[in-house]
Amino acid sequence: MEFPNNQPQLSQVTDPKNPFMMKNVISAFLAICFSLAFCHAQTIDIEKGLWGVKFSQDGKAMGLTKVKKTIQYANNPQALRPIQQAFTYDILSYSSAFVFTVALSNTVANTLLQNDVNSSVLLVGGGALGAFLIFGQMAENKAVEAVKLYNKGLKVSHHYTFKPELRLQPSASGFGMSMTF
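FYI, our numbering numbers position 91 of the sequence shown as 169, with every residue one higher than the one before it.
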């Protein structure tokens, strides 16, 4: 049976004796092995500064969301629990900051309009400020704990270093390649 445009038959493409097929299989196998040799998880660096903690990986800054995604991708349950708690505390911190902002703006508006300042709103704002600071510190501590657990898990899991070795050796039909893991 003749194929249009001189397309090869299926038996020619999948034939293991076909030298082009074997070269493609070997090339694909080597590409996969070498890519696995260079793919490994990176540690997350913790930098403490005046305004809190900064996280970075390979010199690139990471926010709390990126840290959480990295830990989720690594599938480290010990580090996942503290980062989820850090997210909860972070949300509580921002919501209490919002309450503080509303209370402060209400107080400033009443002062500018020369109305009576409601002291209960001012007290709620002060309490919200305290909650903002406490929840923010708790979120930071939990995030640092999660990153330390994540980094510790990386060090434990890297006990085997993948170093494939590719050799060109003489064979009966010329030269052959051998690969050891």
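Note that beta-carbon positions come from the ideal geometry of N, C-alpha and C, so glycine has one too.
Which residues DSSP lists as bridging residue i, in chain order
i	result
E243	T258
S249	G252
A175	In DSSP, A175 forms no bridge with anything.
V131	K126
K138	Q135
Closest by C-alpha distance to residue i, when choosing among the options
i	options	result
V222	S171, S173, G130 and S105	G130
D168	A209, N229 and A157	A209
A175	E243, G204 and G141	G204
L128	K147, Q215, N193 and S198	Q215
Contact set for residue i: own chain, Cβ-Cβ below 6 Å, skip 5 residues either direction
i	result
L207	F178
T185	V195 and L200
Neighbourhood of residue i by C-beta distance below 7 Å, restricted to the same chain and skipping five residues each side
i	result
Y228	I122, I149, A152, N154 and A157
K132	E125 and A139
N102	none
Residue i to residue j span [Cα, whole Å]
i	j	result
T258	K233	25 Å
L201	K230	43 Å
G137	L191	50 Å
T143	S198	36 Å
L211	R159	22 Å
K226	K241	27 Å
A106	Q120	26 Å
S256	L244	6 Å
Residue i vs residue j beta-carbon contact at 7 Å
i	j	result
A139	S171	no
A250	I161	no
N188	V195	yes
K220	Q135	no
Close Cβ partners of residue i (< 8 Å) along its chain, the five nearest in sequence each way excluded
i	result
F253	L246 and Q247
F213	Y167, D168, L170, S171 and S174
F165	L142, K146 and A217
L182	G203
I104	M255
Closer than 6 Å: residue i CB and nearest the ligand MG heavy atom
i	result
T166	This structure does not include the ligand MG; it has no bound ligands of any sort.
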